[in-house]
Amino acid sequence: MIAWEDRETSTVLLAPPSPPGAPHLGGIYTWALLDAARRTAQHFGGAAHLPQSWNMSSRRLEPTFGDDPEGFARYCQRAVDNAVFTFAGFGIVVSPHAALRDDDASVRAHVQAIVTELANRDIVRYLAAEEKWCLSCRIALPPSAATEHCFTCENPLRLRTTRDWFLPVDLDEVFRRAATVEWVPGFGIRRLRSLIDVHPLIRVGHPQRSLGVPSPLHDGEILDPRLVAALGPSLLRRLGLNGPIVAAAGFDIQRKWLLTLLAANQTGALPTMIVQHGTLLDTAGRKLSRYTGASLADAPADVEPCLVRAALLSSPLGKDFRAVALPTVGASRLREKVLNSLRYIGLQQPRTGGIDLDAACDEWFNEVESHLRNFDMSRAYAGFQRAILSVSSTLIPMIRRQGIASFAATYRRAISLHGIFYGDDPRLPGTPSGLELLDADGRDAAQVRASDRDPS
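Residue 267 in the UniProt record's numbering sits at position 267 of the sequence shown; the count goes up by one each step and never skips.
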């Protein structure tokens with residue numbers, strides 16, 4: 001347990017739970033490494049920073065380090081140092097502390113006490129709510145959700161009324177509290193105020209989790225990780241911290257955590273600053289995505305981009321120095337990249353010329369997957385390279401017969417995919433750079449661009 005009363009005033013950085021579907025990425029976007037750094041604070045000699053994500057997903061990364069806890073600790077230390085250095089560039093100073101652990105019984109007891117107080121003050125209530133339910137997966141969505149099928153098992157969702165412990169969200173009160181907090185960048189509060197489709201009830205329990213903080217309101221259940229993470233400010237004040245608290249989060253998938261943060265904590269426990277690393281847009285106002293060949297260089301310099309997100313993404317933290325040397329991590333990352341890129345090709349290319357593109361993508365992916373199962377990274381890279389070259393040499397000429405516009409668009413997609421994996425700054429270790437794709441006529445990219453300008 002930390003004796004905050006004896007420490008000098010310092011800033012504490014809080015972060016939301018990382019998306020459970022992407023713990024292998026290990027980047028600042030998921031915050032999994034910051035969470036992992038907190039969990040391995042004992043290896044840092046008390047020099048860990050304090051990001052409270054309160055999520056178990058980072059433990060999926062730990063087995064990839066096998067019996068090398070010191071190596072895992074160094075990996076996390078480097079990630080945290082890098083992130084803290086990035087935040088310092090925006091005037092956010094995070095001082096070192098011994099980390100709080102959600103597997104510490106005394107800490108969990110404090111969290112349970114805070115939730116009990118919320119229930120006693122009628123902030124957390126036992127209510128009836130209408131939700132879209134998947135009965136087999138026990139997944140609940142708000143009735144306003146656009147989807148009609150479970151994203152896990154794809155079975156139809158059923159509308160039903162259930163009684164449970166919820167945190168009611170008063171948007172007017174949330175907006176009033178948000179106005180007392182400094183936002184970086186400043187337009188973050190405007191994005192928060194643009195929320196209109198918000199379910200007024202946030203569930204407190206999480207019936208699917210087996211690890212985490214036990215709920216004092218449910219027998220045998222775990223508190224929702226978003227709620228526990230959002231109660232970080234109240235917990236730190238309860239432990240005697242008087243210094244400022246900075247909360248850092250994205251806006252898309254983490255907006256529910258932001259709402260909970262502002263709704264569940266007392267006024268005196270609200271963070272001093274909220275940093276939103278948000279979504280980067282290109283000059284056309286579209287979301288940047290590496291799977292379409294976009295990069296940080298495509299972000300506009302003359303508008304108000306989210307500079308914090310750009311700095312974090314461009315920092316070496318995103319390179320995962322330690323993880324890329326591990327075959328298991330490399331295989332996992334390559335598999336996701338292959339799958340997403342081939343899905344991208346399948347969704348974007350027209351079904352023309354008698355091409356069964358779905359079957360072709362399946363064949364390419366199965367070849368790469370077979371090598372990944374054996375952690376044969378060199379053959380997996382070679383297999384994916386052949387897939388990209390096949391797009392250039394086989395698919396493009398067929399589409400080209402239908403017109404130069406379709407051909408040029410398809411070729412640009414192939415070049416973008418190639419640049420992601422084999423460009424000057426490859427995203428995967430051990431891949432060559434500078435390889436130029438050729439079409440069936442042996443022309444390079446420059447010649448294709450010239451022909452685009454001269455359709456004749």
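Ideal Cβ positions, reconstructed from N, Cα and C, are used throughout, including at glycine.
Using a Cβ-Cβ cut-off of 7 Å (strictly less than) and excluding sequence neighbours within five positions of P63, which residues of its own chain qualify? Mapped onto the sequence shown, residue 63 falls at position 63. Residue placement at P63 is flagged as unreliable, the pLDDT there being 46, under the threshold of 50; a coordinate-derived value is accordingly withheld.
Three CB pairs or more closer than 8 Å across the stretch 232 to 243 and the stretch 103 to 112
Enough Cβ pairs lie closer than 8 Å, so yes.
Inset, instruction - Pick out whichever of L141, D170, R160, F166 has its Cα sitting closest to the Cα of R125. - result: As a position in the sequence shown, residue 125 is number 125, starting the count at 1. Per the Cα distances, F166.
Review point. Quick check: the stretch 113 to 130 against the stretch 209 to 225, are there 3 or more CB pairs under 8 Å?
Key: The stretch 113 to 130, when compared against the stretch 209 to 225, does touch it at the 8 Å Cβ threshold.
By DSSP, does D232 sit in helix, in strand, or in coil? Your numbering for residue 232 matches position 232 in the sequence shown. Here residue 232 turns out to be Gly, not Asp, going by the sequence shown. Of the three classes helix, strand and coil, the one that applies to G232 here is helix, per DSSP.
query: For the beta strand (DSSP E) that contains D376, what are its first and last residues?
result: Along the sequence shown, read from residue 1 onward, the residue named residue 376 stands at position 376. Neither: D376 is in no beta strand (DSSP E) and is coded neither H nor E.
### Message
Measuring only the C-alpha atoms, how far is A248 from Q276?
### Response
Start at 1 with the first residue of the sequence shown, and residue 248 comes out as number 248. Start at 1 with the first residue of the sequence shown, and residue 276 comes out as number 276. In this model, A248 and Q276 are separated by some 6 Å (Cα to Cα).
- Message: Relative to the C-alpha of L192, which candidate in G205, E173, L201, I202 has its C-alpha closest?
- Response: As a first step, residue 192 must be located in the sequence shown, where it is residue number 192. It is E173 whose Cα lies nearest to the Cα of L192.
Whole-Å CB distance - L262 paired with A178, under 8 Å assumed: Translated into the one-based positions of the sequence shown, residue 262 becomes position 262. Translated into the one-based positions of the sequence shown, residue 178 becomes position 178. Under the criterion of beta carbons closer than 8 Å, L262 and A178 qualify as touching, at roughly 6 Å.
Confirm the yes/no value for this check: CB of G240, any heavy atom of the ligand FMN, distance under 7 Å.
As presented, the structure is devoid of all ligands, the ligand FMN included, so that no description of it is given.
Given this structure, state the Cα-to-Cα distance separating P225 from H206, to the nearest angstrom.
The residue you call residue 225 lines up with position 225 of the sequence shown. The residue you call residue 206 lines up with position 206 of the sequence shown. Taking the straight line joining both Cα atoms gives about 8 Å.
What are the boundary residues of the alpha helix (DSSP H) that residue 457 is part of? Outside the displayed range of the chain (1 to 456) lies residue 457, so it cannot be described from this structure.
Exercise. Between which two residues does the beta strand (DSSP E) containing D170 stretch?
Worked result: For the purposes of this step, residue 170 is taken as the residue at position 170 of the sequence shown. Careful: D170 lies outside any beta strand (DSSP E) and carries neither H nor E.
> How is the alpha helix (DSSP H) around L127 delimited, first residue to last?
Replying inline: Within the sequence shown, the letter at position 127 stands for residue 127. That residue, L127, is in no alpha helix (DSSP H); its beta strand (DSSP E) goes 125 to 134.
Worksheet item: Going by the beta-carbon positions, is the gap between T267 and E182 smaller than 8 Å?
Response: Walking along the sequence shown from the start, residue 267 turns up at place 267. Walking along the sequence shown from the start, residue 182 turns up at place 182. Not a contact, by the Cβ cut-off of 8 Å.
Does P142 come out as helix, strand or coil in the three-state DSSP assignment?
Locating residue 142 in the sequence shown gives position 142, where the first residue counts as 1. Here P142 sits in coil by DSSP.
Report task. Could you say which of P168, N155, V198, H199 lies nearest to L135 if we only look at CA atoms? Result -> Translated into the one-based positions of the sequence shown, residue 135 becomes position 135. That would be N155, whose Cα lies nearest to the Cα of L135.
- Taking all protein chains shown into account, decide if L14 is buried (16 or more other Cβ within 10 angstroms of its Cβ) or exposed. The sequence position of residue 14 within the sequence shown is 14, counting from 1. Residue burial annotation: L14 is buried, with at least 16 other C-beta atoms found within 10 angstroms of its C-beta.
By the three-class DSSP mapping on this structure, what secondary structure does E182 have?
The residue labelled residue 182 in the question sits at position 182 within the sequence shown. In the three-state reduction of the DSSP assignment, E182 falls in the strand class.
request  = With DSSP collapsed to three states, give me the class of P244.
outcome  = Counting from one through the sequence shown, the residue named residue 244 turns up at place 244. If DSSP states are grouped into helix, strand and coil, P244 belongs with coil.
* To do: Identify, in the order they occur along the chain, each residue of the same chain with its Cβ nearer than 6 Å to the Cβ of R158, setting aside the five sequence neighbours on each side.
  => Locating residue 158 in the sequence shown gives position 158, counting from the first residue. Only W133 meet the Cβ criterion.
Requested in this report: Would you kindly work out how many angstroms separate the C-alpha atoms of L270 and I245, rounded to a whole number?
Outcome: Working through the sequence shown from its first residue, we reach residue 270 at position 270. Working through the sequence shown from its first residue, we reach residue 245 at position 245. Using only the alpha carbons, I get a separation of about 8 Å.
* Who are L201's beta bridge partners in DSSP? -> Counted from its first residue, the sequence shown places residue 201 at position 201. Beta-bridge pairing links L201 to P168.
Based on Cα-Cα distance, which residue from L241, R121, L201 lies nearest to L227?
-> Position 227 of the sequence shown, counted from the first residue, corresponds to residue 227. When C-alpha distances from L227 are compared across L241, R121, L201, the shortest belongs to L201.
Assigned secondary structure, V213 (DSSP; H/G/I helix, E/B strand, else coil) = Here residue 213 is taken as the residue at index 213 of the sequence shown, counted from 1. Of the three classes helix, strand and coil, the one that applies to V213 here is coil, per DSSP.
Span separating the alpha-carbon of A380 from that of N366: For the purposes of this step, residue 380 is taken as the residue at position 380 of the sequence shown. For the purposes of this step, residue 366 is taken as the residue at position 366 of the sequence shown. Cα to Cα, the separation comes out at about 10 Å.
Look at N265 and L231 and say whether their C-beta atoms are less than 8 Å apart. Taking the first residue of the sequence shown as position 1, residue 265 is located at position 265. Taking the first residue of the sequence shown as position 1, residue 231 is located at position 231. Against a cut-off of 8 Å, the Cβ pair of L231 and N265 comes out as a contact.
Whole-angstrom C-beta distance between I274 and G186, which should lie under 8 Å
Within the sequence shown, numbered from 1, the residue matching residue 186 stands at position 186. Within the sequence shown, numbered from 1, the residue matching residue 274 stands at position 274. In fact, because the Cβ distance is near 11 Å, the residues do not count as touching under 8 Å.
If we ignore side chains and look at the alpha-carbon of each, how far apart do V198 and Q112 end up?
Reading the sequence shown from its first residue, position 198 is the one you call residue 198. Reading the sequence shown from its first residue, position 112 is the one you call residue 112. Distance between the alpha carbons of V198 and Q112: 26 Å.
Could you give the first and the last residue of the continuous alpha helix (DSSP H) run that contains A263?
Counting from one through the sequence shown, the residue named residue 263 turns up at place 263. Counting along the chain, the alpha helix (DSSP H) containing A263 begins and ends at 255 to 264.
N- and C-terminal bounds of the alpha helix (DSSP H) containing L192: Taking the first residue of the sequence shown as position 1, residue 192 is located at position 192. According to the DSSP assignment, L192 belongs to the alpha helix (DSSP H) that extends over 188 to 193.
Is it the case that the Cβ atoms of R163 and L127 are separated by a distance below 8 Å? On the sequence shown, position 163 is the one that residue 163 refers to. On the sequence shown, position 127 is the one that residue 127 refers to. Cβ distance < 8 Å, so R163 and L127 count as in contact.
*Around the C-beta of G220, are 16 or more other C-beta atoms found within 10 angstroms, so that it is buried, or is it exposed?*
Numbered from its first residue, the sequence shown carries residue 220 at position 220. Label assigned to G220: exposed.
Just to confirm before moving on: does the CB-CB distance between L259 and V368 stay below 8 Å?
Numbered from its first residue, the sequence shown carries residue 259 at position 259. Numbered from its first residue, the sequence shown carries residue 368 at position 368. Taking 8 Å as the Cβ cut-off, L259 and V368 do not qualify as a contacting pair.
Taking the C-alpha atoms as reference points, what is the distance between A229 and W257? As a first step, residue 229 must be located in the sequence shown, where it is residue number 229. As a first step, residue 257 must be located in the sequence shown, where it is residue number 257. Straight across, the Cα-Cα distance linking A229 with W257 is about 8 Å.
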